[in-house]
Amino acid sequence: MTALTGIRVLDMTRVGPGPFCSMLLADLGADVLMIEQPPASKDVPAEQAHLEARDPEAAAALPERRNKRSISINLREPRGLDIVRRLVASADVVIEGGKPGAAARLGTDYKALKAINPRLVYCAITGYGQDGPYAKLAGGEINFVALAGVLPMILQSGVRPSFPGGLIGDYAGGAMMATVAILAALMARTRTGRGQFIDLAMADGVLSLTTLLAGLSTFSTGKDPVALSHAMTGGAPYYTAYQTKDGQWLSIGAVGERFFRNLCDGLERADLLELYYNGESTKLYEEMKSIFTTRTRDEWFALLAKHDTGVSPVYTFSEAARDPHLLHRKMFVEVPSATKRNVQIGVAPKLSDTPGEIRWPGRPRGADSEAVLRELGLADDEAHLLFREGVIYTWHPGKS
Numbered sequence: 171m172t173a174l175t176g177i178r179v180l181d182m183t184r185v186g187p188g189p190f191c192s193m194l195l196a197d198l199g200a201d202v203l204m205i206e207q208p209p210a211s212k213d214v215p216a217e218q219a220h221l222e223a224r225d226p227e228a229a230a231a232l233p234e235r236r237n238k239r240s241i242s243i244n245l246r247e248p249r250g251l252d253i254v255r256r257l258v259a260s261a262d263v264v265i266e267g268g269k270p271g272a273a274a275r276l277g278t279d280y281k282a283l284k285a286i287n288p289r290l291v292y293c294a295i296t297g298y299g300q301d302g303p304y305a306k307l308a309g310g311e312i313n314f315v316a317l318a319g320v321l322p323m324i325l326q327s328g329v330r331p332s333f334p335g336g337l338i339g340d341y342a343g344g345a346m347m348a349t350v351a352i353l354a355a356l357m358a359r360t361r362t363g364r365g366q367f368i369d370l371a372m373a374d375g376v377l378s379l380t381t382l383l384a385g386l387s388t389f390s391t392g393k394d395p396v397a398l399s400h401a402m403t404g405g406a407p408y409y410t411a412y413q414t415k416d417g418q419w420l421s422i423g424a425v426g427e428r429f430f431r432n433l434c435d436g437l438e439r440a441d442l443l444e445l446y447y448n449g450e451s452t453k454l455y456e457e458m459k460s461i462f463t464t465r466t467r468d469e470w471f472a473l474l475a476k477h478d479t480g481v482s483p484v485y486t487f488s489e490a491a492r493d494p495h496l497l498h499r500k501m502f503v504e505v506p507s508a509t510k511r512n513v514q515i516g517v518a519p520k521l522s523d524t525p526g527e528i529r530w531p532g533r534p535r536g537a538d539s540e541a542v543l544r545e546l547g548l549a550d551d552e553a554h555l556l557f558r559e560g561v562i563y564t565w566h567p568g569k570s
């Protein structure tokens, strides 16, 4: 038994926050069915289509497809939409990621599906929401982060910015906010008996992540946080990263007098406390910068970890996958795969009674089409007609 056993989710999204949101739900036990267009459809992202054409099973091994099933339906065909409606009748959640109005044109919007299933929780994930001046504006991670006022915190004059791979907008502001909203709506349904519509804008989600920082700066001091202007944006010598003797980096998070004092004990530099108390940040930073060049990253970590202060090595993904603590926490899991060794990031929430798990790797597009049609009660001859006429696509091993 898992936490979301019995919850049925239809994922109609293609890329970005939607698939990650449904992965989080699937990891916790939800029965997630991806409703995907056939491989030849122009709605399939080009990069994904090329990968699937070369090796469908390798493409299916993408982490965001794990623990899910796949049915491939031509949504531009009335009989395909009829299959979707039949699936909606017994679903708990629909996740959709098109621009505002796109689902209505297709006939899969909340109003249409609510008429079939009033208990349905429908989550529409977009860049800017269903209404407002920017509702139909195209955008990506960088745009949502910029609009929310976050980009200045990582921009430095004269330096080309780098970004953390969609983690802020797509995954934190989008997928995780959507997951929380879906779970809240499911809980509300236990009291009201009704589903509801969730309007999830990634730009809103990113902005909500700044609640504490904005409250500590802009709305209390009148000064906007920018890169290196605030302790939380790397502007404090006790909350930043330092390069070490071997050219690697070590992160220091000694926030608060107690932890900074412990850091000084580990460095055997009690004199740094005077600079700390006097607020001489620039001089303190230069002193610490020099100190950390005297040992390697791993030497410093081994030493300072004994002194109850905030310290951790700055890892690449490859290094993180070898870290004993992360391995102990089962945050890197080898998932059986038909194609090659498949290591994935594990399930983060550790529930004591109903833990999540990676039950199977991703399934190729359309791998479960036949099984799903049988579950709907379609006769074999009816299903085969849908296959032959291109309404439903089904995949078999060896097929590309």
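If you read the sequence shown in the numbering used here, its first letter stands for residue 171, the second for the next number, and so on. No residue lacks a Cβ here, since even glycine has one placed at the ideal position from N, Cα and C.
Report the start-end ranges of each alpha helix (DSSP H) in the segment 512-560 that is 4 residues or longer and not cut off at the edges.
539-545, 550-558
Could you tell me which of N448, G426, N244, Y412 sits nearest to E559, measuring between CA atoms?
For the purposes of this step, residue 559 is taken as the residue at position 389 of the sequence shown. Cα-wise, what sits closest to E559 is N244.
Counting only C-beta atoms, is A272 closer than 8 Å to chain B at any point?
This model lacks chain B altogether, as it is built from one protein chain only.
CA-CA distance, A196 and K306?
The residue you call residue 196 lines up with position 26 of the sequence shown. The residue you call residue 306 lines up with position 136 of the sequence shown. Approximately 30 Å, taken between the alpha carbons.
Do the segment 416-423 and the segment 368-382 touch if we need at least three Cβ pairs shorter than 8 Å?
no
Tell me the start and end of each unbroken alpha helix (DSSP H) in the segment 179-237 that is at least 4 residues and wholly inside, in chain order.
187-197, 216-224, 226-230
Using the three-state DSSP reduction, which class does R239 fall into: helix, strand or coil?
Taking the sequence shown and counting its residues from 1, one reaches residue 239 at position 69. DSSP places R239 in strand when its eight states are reduced to three.
Using 8 Å as the threshold, is the segment 363-373 in touch with the segment 403-418, meaning 3 or more CB pairs across them?
no
Considering just the uninterrupted stretch of the alpha helix (DSSP H) at S390, what are its terminal residues?
As a working note, residue 390 is residue 220 in the sequence shown. Unbroken alpha helix (DSSP H) run through S390: 388-391.
Just how far apart, CA to CA, sit P494 and M501?
Counted from its first residue, the sequence shown places residue 494 at position 324. Counted from its first residue, the sequence shown places residue 501 at position 331. Taking the straight line joining both Cα atoms gives about 10 Å.
Between the Cα of S240 and the Cα atoms of E206, L251, R255, A261, which residue gives the shortest distance?
The residue given as residue 240 occupies position 70 in the sequence shown. Nearest of E206, L251, R255, A261 to S240, Cα basis: E206.
Where R235 and D538 are concerned, what is the direct C-alpha to C-alpha distance, given to the nearest angstrom?
Numbered from its first residue, the sequence shown carries residue 235 at position 65. Numbered from its first residue, the sequence shown carries residue 538 at position 368. Rounded to whole angstroms, R235 to D538 spans 13 Å at the Cα level.
Mark S242 as exposed unless 16 or more other C-beta atoms lie within 10 angstroms of its C-beta, in which case mark it buried.
In the sequence shown, counting from the first residue as 1, residue 242 sits at position 72. Classification of S242: buried, given that the 10 Å Cβ count is 16 or more.
Alpha-carbon spacing of T391 relative to V561, whole angstroms
Here residue 391 refers to the residue found at position 221 when the sequence shown is read from its first residue. Here residue 561 refers to the residue found at position 391 when the sequence shown is read from its first residue. Those two C-alpha atoms are separated by around 60 Å.
Counting C-beta neighbours from all protein chains within 10 Å, is the total for K238 16 or more, i.e. buried, or is it exposed?
Locating residue 238 in the sequence shown gives position 68, where the first residue counts as 1. So K238 counts as buried.
What are the boundary residues of the beta strand (DSSP E) that D369 is part of?
The residue labelled residue 369 in the question sits at position 199 within the sequence shown. It spans 367-371 - the beta strand (DSSP E) in which D369 sits, taken as one unbroken run.
For L437 versus Y446, is the C-beta spacing smaller than 8 Å?
Start at 1 with the first residue of the sequence shown, and residue 437 comes out as number 267. Start at 1 with the first residue of the sequence shown, and residue 446 comes out as number 276. No. Outside cutoff.
Look up L420 in the DSSP assignment and give the residues it is bridged to.
As a first step, residue 420 must be located in the sequence shown, where it is residue number 250. DSSP output for L420 lists Y412, P483 as bridge partner(s).
Please state if the CB of G363 and the CB of R289 are separated by a distance shorter than 8 Å.
Along the sequence shown, one-based indexing puts residue 289 at 119. Along the sequence shown, one-based indexing puts residue 363 at 193. Cβ distance < 8 Å, so R289 and G363 count as in contact.
With 16 other Cβ atoms within 10 Å as the buried cut-off, status of N448:
Numbered from its first residue, the sequence shown carries residue 448 at position 278. Flag for N448 reads exposed.
Residue from T360, A342, S460, S451 whose Cα sits closest to the Cα of P407
Position 237 of the sequence shown, counted from the start, is the residue given in the question as residue 407. Cα-wise, what sits closest to P407 is S451.
Roughly how many angstroms lie between the CA atoms of G188 and Y292, to the nearest whole one?
What you label residue 188 is simply residue 18 of the sequence shown in a count that begins at 1. What you label residue 292 is simply residue 122 of the sequence shown in a count that begins at 1. C-alpha separation (whole angstroms): 12 Å.
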